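Student: Counting in our numbering, the sequence shown runs without a single skipped number right up to 998 at its last residue.
Glycine included, every Cβ here is placed at the ideal spot set by N, Cα and C.
Keep in mind it's a predicted model, so treat the numbers as computed, not measured.
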Amino acid sequence: MTKVVIAEKPSVANDLAKILGATKNNETHWEGNDLIITWAVGHLLELKTPEQYDDELKNWWKSVDKLPFIPSEFEVQPVKGRGQSKKQLQAIKKILKDKSIKEVINACDAAREGELIFRRIIQWASVDAPITRLWLQSMTEGAIKEAWEKRESSTNFDPLSDAAYSRSEADWIIGMNGSRIASISMPKTKRDGASFSIGRVQTATLAMIVDHELDILAHIPKPFWELNVDVSCKDANWKAKWTRKNHKDKENRPEYKATRIVEIDEKSRLEKILESDSPVSIEVNTRESIEKSPLHFDLTSLQREANNLFSWSARRTLSVAQDLYDRFKLTTYPRTDSRHLPEDMIDEVVKIFNELGQQKPYSNFSTHLLDQGILNQKTIFNDKKVSDHYAIIPTGNKPPSGMDNDHKKLYDLITRQFFSAFYPNAVWEIEKRIATKENEQFLREARELKVPGWREVRGK
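(1) Please classify Val858: does DSSP put it in a helix, a strand, or coil?
(2) For Arg782, which residues of its own chain have a beta-carbon under 6 Å away from its beta-carbon, when the five flanking residues on both sides are left out?
(3) Would the beta-carbon of Asn914 fall within 9 Å of that of Ala984?
(4) With DSSP run on the structure shown, which of helix, strand or coil describes Asp768?
(5) Taking C-beta to C-beta, are Thr576 and Val617 nearer than 9 Å?
(6) Of all the beta strand (DSSP E) runs that stay within the bounds of the region 799-832, which reach a length of 3 or more residues?
(7) If we count the other Cβ atoms within 10 Å of its Cβ and call it buried at 16 or more, is Pro872 buried or exposed?
(8) Since Phe980 is in the beta strand (DSSP E), which residue starts that stretch and which ends it?
(9) So the alpha helix (DSSP H) His878 belongs to, where does it begin and stop?
(10) In terms of alpha-carbon separation, which member of Leu908, Tyr863, Leu765 lies closest to Ala929?
(11) Go ahead and pull the three-state DSSP assignment for Ala973.
(12) By the three-class DSSP mapping on this structure, what secondary structure does Ile1034 have?
(13) In the DSSP assignment, what residue or residues form a beta bridge with Val614?
(14) Is the beta carbon of Ile643 sitting closer than 9 Å to the one on Arg689?
(15) Secondary structure at Val1011, three-state DSSP: helix, strand or coil?
(16) Considering Cα atoms alone, identify which of Ile811, His927, Lys624 is closest to Arg650.
(17) Are at least three pairs of beta-carbons, each pair with one atom in the region 578-590 and one in the region 646-666, less than 8 Å apart?
(18) CA-CA distance, Ile828 and Ile608?
(19) To which residues does DSSP link Asn644 through a beta bridge?
(20) My output table needs one value for Pro697: the three-state DSSP class, helix, strand or coil.
(21) Relative to the C-alpha of Ala732, which candidate in Leu808, Asn597, Pro606 has its C-alpha closest?
(22) Take Glu594 and list the residues in its own chain whose beta-carbon comes closer than 8 Å to its own, dropping the five residues that flank it on each side.
(23) Can you tell me which of the three DSSP states His1000 falls into?
(24) His785 to Leu833, Cα distance in whole Å?
(25) Determine contact between the region 917-926 and the region 875-886, defined as no fewer than three beta-carbon pairs at a distance below 8 Å.
(26) The alpha helix (DSSP H) that contains Lys916, what's its start and end?
(27) Short of 7 Å in beta carbon distance, which residues of its chain neighbour Glu707, apart from the five on each side in sequence? Order them along the chain.
(28) Starting from the C-beta of Asn935, find all residues in its chain whose C-beta is less than 7 Å away, skip the five residues before and the five after it, and write them out in chain order.
(29) Which residue comes first and which comes last in the beta strand (DSSP E) that contains Trp776?
(30) According to DSSP, is Glu690 helix, strand or coil?
(31) Below 8 Å on the Cβ atoms is my contact criterion, and I expect Phe980 with Lys779 to pass it. Report the Cβ-Cβ distance as a whole number of Å.
(32) For the region 544-558 against the region 629-649, do three or more pairs of beta-carbon atoms, one drawn from each stretch, fall closer than 8 Å, so that the two count as touching?
(33) Looking at the strands, I want to know which residues DSSP matches up with Gly570.
(34) Using beta-carbon positions only, say whether Ile659 and Ile630 come within less than 9 Å of one another.
(35) Inspect the beta-carbon positions of Glu687 and Ala667 and report whether they are closer than 9 Å.
(36) Return yes when the Cβ of Thr974 is within less than 9 Å of the Cβ of Ser814, no when it is not.
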């Protein structure tokens, strides 16, 4: 009796075959140990177009009265124009028709689209065998073996499947109908194509870009000044900036800020005050500011931080993070929206500390955390804030020597964020110097790191 595993791409199938003992390599699958491990190449099936349901819909202009067209039941077909995909799909179908199969295992990406890729194949091939889900959070050998032992019934993931089908069908309904209506009703120039493309996400995003561009075009520049002064008191010298007292920003006047002078009369008045012989009073206040330890990364926060530090695009960050996950096995699943860890993962985290401690850049951080114990447990470990996947963290595996600079940088960022989350808060001392002359104030604020806490790991 044979089990069939369907992965989302060849590289994942190769990793599974190596670990699960399927050693015989065929062109379209691996075999061995009562296993067949095959793979999709992304989406192998797509929804049919409107004219495939109704011939009259072939002519867009003559079938407007039939819109909106919504099939009573959506049908799929092999993705057009990809010969290799069609060949792989036929190979999978042939494998699934084997009567000796006792279990079909979904090893596609543990996310909505991975669920859809697998479910469409199963539906198209009319599979009768029991179906289970291999839910992979990490591509390390240990994680794969553990997930293999904990396979779940596919029915447990029906809500995820429903979400995937709903997304796909909603996109189809809006795109197919909206594109036809827009192409027929909207005026076109010679530069426009024969049709306009309308999409559930793309059109809304385009509208945001257009609105922003219109705001830019409608903007009327308004001059403003900022007043900087040199202040001396005893042996101390510093620069300060005029700041309006009791200031509140005004929504209808975006140029009106606390340090901006927007009226020429106000500018002249302040200049006269500075030129006068009026006395100046100095006040110095200090306070402590707590900077809490950061959470682990989810995909959005990782992309934002990589943009801030490296000026990377979101796509570049995702590409590198995906490599770190499935190619190098150094980090966990990247397409997550959670910044927390499951409550039963504490022992695994300690294990990762020990493994990262063998890597020279992180040995001191690992030793410190193992000595002090895990801090911030209630903040980090929270089942209610973990959805399909937990936060992006290192697996503990050692990076290969030939890894390129992009992968090194992102791996280091993820690893340092992982350690930082367990470090104490950082404490800053904020010093505020206020020079006052004729009831006008000139401020200078500076801060100094007093207790490094997690900043020892991530830097200032």
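Tutor: Taking the geometry as given:
(1) Val858 falls in the helix class under three-state DSSP.
(2) Result list for Arg782: Ala796, in chain order.
(3) Cβ atoms of Asn914 and Ala984: not closer than 9 Å.
(4) Per DSSP, reduced to three states, the secondary structure at Asp768 is strand.
(5) Not in contact: Thr576 and Val617 (Cβ atoms no closer than 9 Å).
(6) Along the region 799-832, the beta strand (DSSP E) occurs as fully enclosed runs of 3 or more residues at 818-829, listed in sequence order.
(7) Pro872 should be labelled buried.
(8) Where Phe980 is concerned, the enclosing beta strand (DSSP E) starts and stops at 978-989.
(9) Per DSSP, His878 belongs to no alpha helix (DSSP H) and is neither H nor E.
(10) Ranking Leu908, Tyr863, Leu765 by Cα distance to Ala929 puts Tyr863 first.
(11) In the structure shown, Ala973 sits in a strand (DSSP, three-state: E or B).
(12) The question about residue 1034 has no answer here: the residues shown for the chain are numbered 539 through 998.
(13) Answer by DSSP bridge pairing, in chain order: Leu585.
(14) Contact flag set, yes.
(15) Because the chain is modelled from 539 through 998, residue 1011 falls outside the range shown and cannot be assessed.
(16) Among Ile811, His927, Lys624, the Cα nearest to that of Arg650 belongs to His927.
(17) Yes: the two stretches touch, three or more of their Cβ pairs being nearer than 8 Å.
(18) Taking the straight line joining both Cα atoms gives about 56 Å.
(19) Asn644 is bridged to Ile544, Arg671.
(20) The answer is helix: DSSP assigns Pro697 an H, G or I state.
(21) Nearest of Leu808, Asn597, Pro606 to Ala732, Cα basis: Asn597.
(22) Cβ contact annotation for Glu594 (same chain, cutoff 8 Å, sequence separation greater than five): Lys600, Ser601, Lys604, in chain order.
(23) Given a span of 539 to 998 for the chain in the structure shown, any question on residue 1000 remains unanswerable.
(24) Those two C-alpha atoms are separated by around 33 Å.
(25) Under the Cβ criterion (8 Å, minimum of three pairs), the region 917-926 counts as touching the region 875-886.
(26) Its alpha helix (DSSP H) spans residues 915-918.
(27) Once the five neighbours on either side are set aside, the close Cβ partners of Glu707 are Phe612.
(28) Cβ neighbours of Asn935 within its own chain (closer than 7 Å, five residues either side excluded): Thr678, Lys867, Leu868.
(29) Per DSSP, Trp776 belongs to the beta strand (DSSP E) from 774-781.
(30) Three-state result, Glu690: strand.
(31) Contact between Phe980 and Lys779 holds: CB atoms are separated by about 6 Å, below the 8 Å threshold.
(32) Enough Cβ pairs lie closer than 8 Å, so yes.
(33) Per DSSP, Leu573.
(34) Between Ile659 and Ile630, the C-beta gap is smaller than 9 Å, which places the two residues in contact.
(35) Taking 9 Å as the Cβ cut-off, Glu687 and Ala667 do not qualify as a contacting pair.
(36) No; because the gap between Cβ atoms is not below 9 Å, this pair is not in contact.
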